[in-house]
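Here the structure is laid out as structure tokens; the discussion comes afterwards.
Protein chains: 4
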Amino acid sequence: MPANRTDLAMECFENADGGAIPGAQVSHWETDGIEITEVQITDNEAAQLLNKPKGTYLTLECPLLLERDPDARLGMASLLAEEIDRILPAADDDSPVLVVGLGNRSITPDALGPGVVDRTLVTRHMLGAPWAQSGMNSVCAVAPGVLGITGIESMELVEALVKAVRPRAILCVDSLAARDSRRIGCTVQLTDTGIQPGAGVGNHRRALTRESVGVPVISLGMPTVIYAATLARDAFAWLADGQGDGENHEEALADMEHTLLGGQIGEMIVTPREIDAIIQDASGIIASAINRALQPTLSDAEIAAMMD
Amino acid sequence: MPANRTDLAMECFENADGGAIPGAQVSHWETDGIEITEVQITDNEAAQLLNKPKGTYLTLECPLLLERDPDARLGMASLLAEEIDRILPAADDDSPVLVVGLGNRSITPDALGPGVVDRTLVTRHMLGAPWAQSGMNSVCAVAPGVLGITGIESMELVEALVKAVRPRAILCVDSLAARDSRRIGCTVQLTDTGIQPGAGVGNHRRALTRESVGVPVISLGMPTVIYAATLARDAFAWLADGQGDGENHEEALADMEHTLLGGQIGEMIVTPREIDAIIQDASGIIASAINRALQPTLSDAEIAAMMD
Amino acid sequence: MPANRTDLAMECFENADGGAIPGAQVSHWETDGIEITEVQITDNEAAQLLNKPKGTYLTLECPLLLERDPDARLGMASLLAEEIDRILPAADDDSPVLVVGLGNRSITPDALGPGVVDRTLVTRHMLGAPWAQSGMNSVCAVAPGVLGITGIESMELVEALVKAVRPRAILCVDSLAARDSRRIGCTVQLTDTGIQPGAGVGNHRRALTRESVGVPVISLGMPTVIYAATLARDAFAWLADGQGDGENHEEALADMEHTLLGGQIGEMIVTPREIDAIIQDASGIIASAINRALQPTLSDAEIAAMMD
Amino acid sequence: MPANRTDLAMECFENADGGAIPGAQVSHWETDGIEITEVQITDNEAAQLLNKPKGTYLTLECPLLLERDPDARLGMASLLAEEIDRILPAADDDSPVLVVGLGNRSITPDALGPGVVDRTLVTRHMLGAPWAQSGMNSVCAVAPGVLGITGIESMELVEALVKAVRPRAILCVDSLAARDSRRIGCTVQLTDTGIQPGAGVGNHRRALTRESVGVPVISLGMPTVIYAATLARDAFAWLADGQGDGENHEEALADMEHTLLGGQIGEMIVTPREIDAIIQDASGIIASAINRALQPTLSDAEIAAMMD
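These protein sequences, in sequence, are chains Y, Z, G and R.
Using the numbering used here, the first residue of the first sequence is number 1449, and each one after it goes up by one.
Using the numbering used here, the first residue of the second sequence is number 1449, and each one after it goes up by one.
Using the numbering used here, the first residue of the third sequence is number 1449, and each one after it goes up by one.
Using the numbering used here, the first residue of the fourth sequence is number 1449, and each one after it goes up by one.
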């Protein structure tokens, strides 16, 4: 695991000391109480320096979500729906959007993807029905890592499904690791770069990108953990900096990890105590955004009625 | 739904009035307290008459299972393992057996397949590991109807997986409908004919057979329900017969169904009250038989340790 | 189990051949598409004849619930809330209403009570909080038969809780058996007679009544099963009647049960295949009615926000 | 929350700088690969200094549990059974032992207690049955914090049950917080001091002790989390010590917490990523020890058969 592991591009940028990086542009604005940061990585050197592939990364932050503010939830779902709509290629035929919920339902902070899939309106199997509404778009969904699929890697299953259902795009949902605990449960990152090996709480082994499957892969994630190692390193650096101590403290850090955490720190995660409730909440908001973006001709009430 | 709906070939045979049917052979024997019936359907006329495709159907009945007798459970798992081994093509390379657990986890009597998949030892992903035992066979498993896969038909998903993992054979597990309530929870049918459209508690829409996927499809099922309509018809026929009344009573029957069940009888099922516990129990026995048959070089204890 | 077992007083009345019974009054009306039947049993002879204790039984039937009609759901919740409010003693101090969800979560058709408790707004523990609204009533809830309470009978636990929390009334929710399958999932019975031994799908062993616990016990149930034996008896009677055969056919009936059901019929239940979804739906409607009745000063939106 | 929060008495002792404390005795030995530490706190000053009530605390540590070593699991269950037997008062009549599983099933690291209750053999309801074995002891169990009991505090429910079932002793199981991550999932603390307010992952509000309920309360816990604040403080202290910096660094620490964790650190917990599996495993081992200790005349196989 790299030092200071984060799946948020905006935190990689912070990591890089805030200075201007050629080949990477950051912009920042606010809408309806939601802070938005857009990172564009346009050349290979910037990609390597930031340890993130070239592409666009949009981050929406809304701390009020953690207080379960109803207006904040609606606002987040609404803004996220707009951004998903903007980043997804338009429907030009009947081919579906495939929603992929990555992660393992039995590891709580990794269960965001399956939770979103449970709440996504799937329509592909009903489009032929006489009562299907004419403007409805085709959507199918899969949570490849839930119990019931074993001996087959998640990405292998997704690739098999892509061949079978020939989607026009893939929308991936995953739990992420962050550096800053204030982003857990209230921040969503949307990117056109797909899923990279090693990313996410589940540390995916293979890529899921336009290159690997041949269709656009949009990925949407929310931080649910900080790695204990990342936190320890940040604490250490903070302290050293406070003392004007600019040298490399890797050795002292490893020593502390060994003393305090018995070398197990790589397996330890930091989460809020109420992470189960946070995951359930966030699944609802993200699924609501996806349903709005994928079914623009349906009202919220129509979507709810079809979900039952 | 056909009248007197049953998924057990042996009950179709009973249905046909017990007389000899050209093109269908029935034999019957007992081993260790388990009654075994083998039905062979060898020509098309018999297949049509019995409403079951040509092939071999083996039924194992063990009423003591319902009393949770430990010896009966071991005996059933052991005999079933032998029969699975006999019917499966031998492994001649590294291609896996794909275990498919059909059914819907959230409809209790349809949840046998997912329950078996949960307890099946999957090995395909570990065969490359340095600690993998040399004699271990490759197994992967999928429960296509569990939550988390939607908008994609179960059989469509299985077909996609067959293309991806190229199994040497498929072993399908499903909940069945029977006619005789004494067979619920204590009877297993093993057949080389795969899954037919309309079969099973979930009423599969597409076939899953050697013809449809290109590899042998063994199917293994246990009755978990009787259709209320089937029971009503049998009650009716029993009564009419007792009165020497040989005419066709379809009209009177329909009249009774309408009066007593408001025309809803097609949707009504009859199960034991403790069906949840029966499904859990049977999942364990069948998975144990599958694990033994697929991993003949591993002891029960080794299998258990690898399942944890 | 008595012949023709039903927990609905209105069906006992039908059972009694529809004639006028001294000491029992039936009235029938309709409101907003919901059919209402009120049975009053006022003397002991009528109670014995109908096999139900003296008291008032109100039945609300709304077949559109089974089609998940949103207006029907709202209408049912609203009317039921009014009737609960009418039957419950008024709050004159801070003592709580204790909602008791009877039944076993792991037997699907018996899981209505726990499902309602999950969705009931409990307030007793928050009434002291500074942000508690002034008009809020005290409510606590328990599902004594869920996993996690064992070796202690449900009624024993309820009695212990009554001594501890001293409720002003108990509102019991339970799954019932009916005779007519058209009532499953769309009918609610509300009565002031509490719970009798032998009643409900779980066949409670002890009473829970004003006599047994010293406070009013209102009970609210929905039919979720028909006993197979009841259905068989009704089918038999229907057939015999059609043939003008008025004699007692107990012997012939027992003979048929033995032949067709191997003597197991007492353990067999008839349910709709989609009983899991029906239970989930009904839990929501009943809990919504309870929440409205117990918290008349809160809006639906306020209740929903406090439930999260 | 006190600084350096731990529920393990042995860690409080370590906390106190290892020097001898009058009124507290520590002894340490090893049996079959399990390290045992006994802390006896015999006077009030020591109790105050160590922030733990007077009493005996036995800690069993077995790191091999985390590798799921079968021998280690058996060894731990066996030794723990012996110690439970030693600490529990002997049965002198039919009054039951009440096993209380504290914690909330829907917060993963707090779910140890409910998990143990699920696997505890409860016998109180069967002792009158003709087939009950003569030597069987009476046991009942409750998990007061699982869904289905609301508006009623866990301790209030336990008190009500104590009045109803009059147990000869209470055996409480709870998830604990530790300081040293190496103890998570492989350490059990057994004490005769019951449960104190503020203890456990769920931070119980009321005591459950011999004083509060009138019968002996044995408590048995396993660490499942470290508080992030505790870890940060330990890291800080370690670093300061390394630099010979002995002053009080509370202010600098608070500053770091604010910078890195936005003041949320009190709500953050550190767990192994696989905490769900650890809880499931530990529940089985602890329940097995309890079952052996409470039913010395039953074999493991008999216990297993009665649990089904």
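The C-beta atom is built at its ideal place from N, Cα and C for all residues, glycine as well.
- Using a Cβ-Cβ cut-off of 8 Å, state whether G:Ala1626 counts as contacting chain Z. With respect to chain Z, the C-beta atom of G:Ala1626 has no partner C-beta closer than 8 Å.
- Roughly how many angstroms lie between the CA atoms of R:Glu1478 and R:Lys1502, to the nearest whole one? 24 Å
- Y:Trp1609 CB to nearest chain Z CB: under 8 Å? Residue identity check: residue 1609 of chain Y is Leu in the sequence provided, not Trp. Yes, contact with chain Z.
- Message: Helix, strand or coil for G:Gly1549? Go by DSSP, reduced to three states.
- Response: strand
- Taking Y:Asp1724 as the reference, give the member of Y:Thr1454, Y:Ala1559, Y:Thr1507 with the closest Cα. Y:Ala1559
- Message: What does the Cβ neighbour count give for R:Pro1744, buried or exposed, with the cut at 16 atoms within 10 Å?
- Response: In the assembly as shown, R:Pro1744 is an exposed residue. Its beta-carbon has fewer than 16 other beta-carbons within 10 Å.
- Item | Sequence-distant residues of the same chain with beta carbon closer than 6 Å to G:Asp1693, five excluded per side | Confidence at G:Asp1693 is low in this model, with a pLDDT of 49, below 50, so the placement of that residue should be treated as unreliable; the coordinate-derived value is given next. Excluding positions up to five away in sequence, the list is empty.
- Item | R:Glu1462 versus Y:Arg1630 - alpha carbon distance | 33 Å
- Item | Coil, strand or helix - R:Pro1720 by DSSP | strand
- Query: Going by alpha carbons, who is nearest to G:Ala1494 out of G:Ala1539, G:Pro1615, G:Ile1469, G:Leu1668?
  - Reply: G:Ile1469
- Item | C-beta neighbour in chain Y for R:Arg1614, strict 8 Å | Using a CB distance cut-off of 8 Å, R:Arg1614 does not count as an interface residue toward chain Y.
- Item | Residue-level contact to chain R via CB, Y:Pro1664, 8 Å cutoff | It does not; no Cβ of chain R falls within 8 Å.
- Rounded straight-line distance, which links the Cα of R:Gly1669 to that of R:Gly1561: Approximately 9 Å between the Cα atoms of the pair.
- Item | Contacts of Z:Glu1777 in chain Y (Cβ-Cβ under 7 Å) | Here chain Z covers residues 1449 to 1756 and nothing more, so residue 1777 of chain Z does not appear.
- Taking the CB atoms as reference points, tell me whether Z:Arg1572 and Z:Pro1544 lie closer together than 8 Å. yes
- Per DSSP, Z:Gly1503 is paired with what? Z:Ile1489
- Endpoints, the beta strand (DSSP E) within which Z:Ser1629 is located: Taken as a continuous stretch (DSSP letters only), Z:Ser1629 belongs to no beta strand (DSSP E), as it is neither H nor E.
- Once you ignore the five residues that flank G:Ala1523 on each side, which residues in its own chain have a CB closer than 8 Å to its CB? Here residue 1523 of chain G turns out to be Gly, not Ala, going by the sequence shown. Contacts found: Asp1480, Gly1481, Ile1482, Cys1510.
- Item | Limits of the beta strand (DSSP E) - the one that Y:Leu1668 falls within | 1665-1675 is the span of the beta strand (DSSP E), which, as asked, contains Y:Leu1668.
- Give the straight-line distance between the Cα atoms of R:Ala1608 and G:Asn1651, rounded to the nearest whole angstrom. 25 Å
- Between the Cα of G:Met1574 and the Cα atoms of G:Val1564, G:Val1587, G:Gly1563, which residue gives the shortest distance? G:Val1587
- Message: Checking 8 Å against the spacing of the C-beta atoms, do Y:Pro1592 and Y:Ile1717 come in under that value?
- Response: no
- Hey, how far is the Cα of Z:Thr1454 from the Cα of Z:His1476? 19 Å
- Message: Please confirm whether Z:Gly1694 has its beta-carbon closer than 8 Å to some beta-carbon of chain G.
- Response: Here the model assigns Z:Gly1694 a pLDDT of 48, short of 50, so the residue's position is not dependable and the matter cannot be decided.
- Going along chain Z in order, which residues have a C-beta closer than 9 Å to the C-beta of Y:Thr1571? Going along chain Z in sequence order, the residues near Y:Thr1571 (Cβ under 9 Å) are Gly1599.
- Task: Excluding the 5 residues preceding and the 5 following Z:Ser1667 in the sequence, name in chain order all residues of the same chain whose CB lies nearer than 6 Å to its CB.
- Result: The beta carbon of Z:Ser1667 is closer than 6 Å to those of Cys1620, Thr1639, Gly1642, Ile1643 in its chain, skipping five residues each way along the sequence.
- Item | Any chain G beta carbon closer than 8 Å to R:Val1590 | yes
- Distance CB(G:Leu1770)-CB(G:Ile1597) smaller than 8 Å: Because chain G here runs from 1449 to 1756, residue 1770 of chain G falls outside it and cannot be looked at.
- Message: Tell me which residue opens and which closes the alpha helix (DSSP H) that Z:Glu1750 is part of.
- Response: 1748-1755
- Please name the residue in R:Arg1614, R:Ala1683, R:Cys1460 whose C-alpha comes closest to that of R:Asp1541. R:Arg1614
- Do Z:Gly1633 and Z:Pro1720 come within 8 Å of each other at the CB atom, strictly closer than that value? yes
- In three-state terms, what does DSSP make of Z:Asp1622? The three-state secondary structure of Z:Asp1622, taken from DSSP, is strand.
- In terms of residue numbering, what span does the alpha helix (DSSP H) encompassing Y:Glu1607 cover? 1602-1613
- Task: Drop a sphere of 10 angstroms on the beta-carbon of R:Ser1582, count the other beta-carbons inside from all chains shown, and report buried for 16 or more, exposed for fewer.
- Result: exposed
- If we count the other Cβ atoms within 10 Å of its Cβ and call it buried at 16 or more, is Y:Lys1500 buried or exposed? Result: buried.
- Looking at the unbroken alpha helix (DSSP H) that takes in G:Ser1526, where does it start and where does it end? Per DSSP, G:Ser1526 belongs to the alpha helix (DSSP H) from 1518-1535.
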